[in-house]
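The opening residue of the sequence shown carries number 53 in the working numbering; numbering runs sequentially from there. Here a beta-carbon is modelled for each residue, glycine too, at the ideal position from N, C-alpha and C. Note that the coordinates shown come from a computational prediction; the quantities given were computed from them, not determined experimentally. Below is one structure, written out as structure tokens; the observations come after it.
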Amino acid sequence: MSERVVTQNFGNEKAKEIATYESLGGYQALRKAVKMSPDEIIAEVKKANLCGRGGAGFPAGVKWSFIPKDAQTVYMVINADEGEPGTFKDRWLMHWDPHRLIEGACIAAYAIRSHKIYIYIRGELIEGARLLDKAVAEAYDKGYLGASMAGSGWAMDFVVHRGAGAYICGEETALLNSLEGRRGWPRLKPPYPAIKGLFGQPTVVNNVETLMNVPSIIERGGQWFADLGVDGDGGTRCAAVSGHVKSPGVYEVPVGTNLRTILDQYAGGMRDTPVKGVIPGGSSFPVLTNEEIDVPWANSMMRNDKIRSVEVRPGQPFLWGGGKELKSGPGSGAIIVMDQSTDMVRACARIVKFYAHESCGQCTPCREGGHWVATIVQRIADGNGKPSDLEMISSAAGGIGGTTICALGDAVSWSVLGFLTKFRDEFIAKVSG
Ligand SMILES: Cc1cc2nc3c(=O)[nH]c(=O)nc-3n(C[C@H](O)[C@H](O)[C@H](O)COP(=O)(O)O)c2cc1C
Ligand code: SF4
């Protein structure tokens, strides 16, 4: 069994209580961190190659260093909205180890010279919010939060804010609008939150799992963490495995573990029939075929030559971010496994229906295109499609990615074009009657 960084207290009911958490070494990293300078902490996290676990995989230390050093008011925001279909690791992490999250967020907030942490927790996670409220109250009682964090003289406040169940509010700028009491609409970037975020002030938004790695990085050093993973992508990651495996669940694996190994050795192997397709990073990431899953589960999947590029039309790769060909990635950590019994057109229809429904409606390509694509894919899935529909969905889905305010539009393109590229035969069979 590999090193467990963020799941080490899974299964220990008592670790949710501050006394047990402390007895297991909890809050020692915070005590150590407040004796370091903010810049030393950022340097350690940069050395760790800790990449964001919320979806985009941006290096956390680099993000923290964007906060202007002379800013008067800075906010730290924890993204606990966890709405991406297939993703359920943040819920488990908060349920089993709420104090590790508070400790990690306190260290991160101190590193960016912030006195206030907000956690935006998905509305449906009622138990998570209750556990956090309790843990936050305990941390105030023990002096880890409040006027002098861990006796450092640095004030730190922590606010638990419950969302209302909108997927789009997981997008960091929509989340900030929602926290401010506005409609949860994504903002145009730039300005990025590090310059103009919550209430117009410099802000860092990080995912739950990202922050829960921070105490161990401070305790054991950035190099130790970097060495657990692969080049430029350190540590371990939580894989939330669902679908046709024998043991679905959350498994912490070293970054770069072979994707098939995660299915076979951690999730118990396939339940009935062999793999047909695997979505490796939450439903917005392109699906992989059985032939493509012998690859390291890491952000480098985006460039892995064993993975076929997603195409708008056969032979015409979909280009994203700076003209690169889109492959796939570990995204938000959700691995959705589909066996031979899966109707891939129907799976595609279900996913795109979700995105079309969750569009906030600001951008025409996402608002109109999403519904168009969802309607056509559903028509094909129901056996009412025609051959020209394939060209229509290629053109409509291909035209959304890269043209919208936020990445929800990309999710429509990436997921639909992924299915159409990898399982084109099934689409053709449906439209051919
Ligand atoms: C439509 C949409 C939904 C998102 N939902 C979440 C979410 O539920 N949780 C999350 O951590 N990040 C989510 N993200 C990514 C965030 O915008 C942001 O990149 C992330 O919180 C940054 O944290 P990280 O750098 O630690 O990964 C979402 C992005 C998009 C475009
Ligand atoms: S891409 Fe879609 S969800 Fe994102 S801002 Fe535009 S309309 Fe809203």
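| Check | Outcome |
| --- | --- |
| Just the C-alpha distance for Q275 and N64, rounded to the nearest angstrom, thanks. | 28 Å |
| Are there 16 or more other CB atoms within 10 angstroms of the CB of T309, so buried, or fewer, so exposed? | buried |
| If contacts are defined as beta-carbon pairs under 8 Å, then L442 and I269 qualify, I think. What distance do you get, rounded to the angstrom? | No, L442 and I269 are not in contact; Cβ-Cβ is about 48 Å, not under 8 Å. |
| Which residues end up in the neighbourhood of ligand 2 when you take C-beta atoms closer than 6 Å to any of its heavy atoms? | I220, P238, S411, C412, G413, Q414, C415, C418, R419, T456, I457, C458, L460 and G461 |
| Hey, quick one: how far does the alpha helix (DSSP H) through A161 stretch, first residue to last? | P150 to A163 |
| Is the beta carbon of T125 sitting closer than 7 Å to the one on A386? | no |
| Confirm, please, whether the CB-CB distance from P238 to L280 is below 7 Å. | no |
| Using a threshold of 7 Å, state whether the C-beta atoms of S361 and E377 are closer than that. | yes |
| Less than 7 Å between the beta carbons of C418 and T456, yes or no? | yes |
| Which residue wins for smallest C-alpha separation from P111, given the options Y127, I94 and N61? | I94 |
| Is it the case that the stretch 388 to 408 contacts the stretch 467 to 484, given that we only count it when at least three CB pairs across the two stretches are under 8 Å? | yes |
| Give the C-beta separation of G154 and E410 to the nearest angstrom, bearing in mind that I take them to be a contact with Cβ-Cβ under 8 Å. | Checking the displayed sequence, the identity of residue 154 turns out to be Ile instead of Gly. With a Cβ gap of about 30 Å, I154 and E410 do not count as contacting. |
| Would you tell me roughly how many angstroms separate the C-alpha atoms of Q60 and A71, rounded to the nearest one? | 16 Å |
| Measure the beta-carbon distance from G156 to P245 and round it to whole angstroms, keeping in mind my assumption that it falls under 8 Å. | Not quite, the Cβ-Cβ distance comes to about 19 Å (not below 8 Å), so this is no contact. |
| Okay, do the stretch 204 to 218 and the stretch 164 to 172 touch, 3+ Cβ pairs below 8 Å being the bar? | yes |
| Candidates M354, A426 and Q253: which alpha carbon is nearest Y127's? | Q253 |
| Quick one: residues in its chain with C-beta nearer than 6 Å to the C-beta of R214, no 5 flanking neighbours on either side, listed in chain order? | I173, G175 and A181 |
| By how many angstroms is the C-alpha of I432 removed from the C-alpha of D283? | 42 Å |
| On the DSSP bridge list, what partners appear for Q368? | R365 |
| When DSSP labels each residue in this structure, what does C458 get in the three-state scheme? | coil |
| Quick one: is the Cβ of D133 within less than 6 Å of any heavy atom of ligand 1? | yes |
| With respect to 6 Å, is the separation between the Cβ of A448 and the closest non-hydrogen atom of ligand 1 below this value? | no |
| Give me, in chain order, the residues of the same chain whose beta-carbon lies closer than 6 Å to that of G222; leave out the 5 immediate sequence neighbours on both sides. | D133 and G135 |
| Following a CB-centred definition, is G138 positioned closer than 6 Å to any heavy atom of ligand 1? | no |
| Can you give the Cα-Cα distance for G381 and D91, rounded to whole angstroms? | 31 Å |
| According to DSSP, is C412 part of a helix, a strand, or is it coil? | coil |
| Nearest to Y196 by CA position, among N229, V464, A161 and P332, is which residue? | A161 |
| Please name the residue, chosen from N265, A463, E363 and I388, that lies closest to L82 on a Cα-to-Cα basis. | N265 |
| On the three-state DSSP scale, how would you describe L228? | helix |
| How about E304 and R105: are their beta carbons less than 7 Å apart? | no |
| Where does G222 fall in DSSP's three states? | helix |
| Measuring CB to CB, does A278 end up less than 7 Å from S299? | no |
| Can you tell me whether L240 is buried or exposed? The criterion is at least 16 other CB atoms within 10 Å of its CB, across all chains shown. | exposed |
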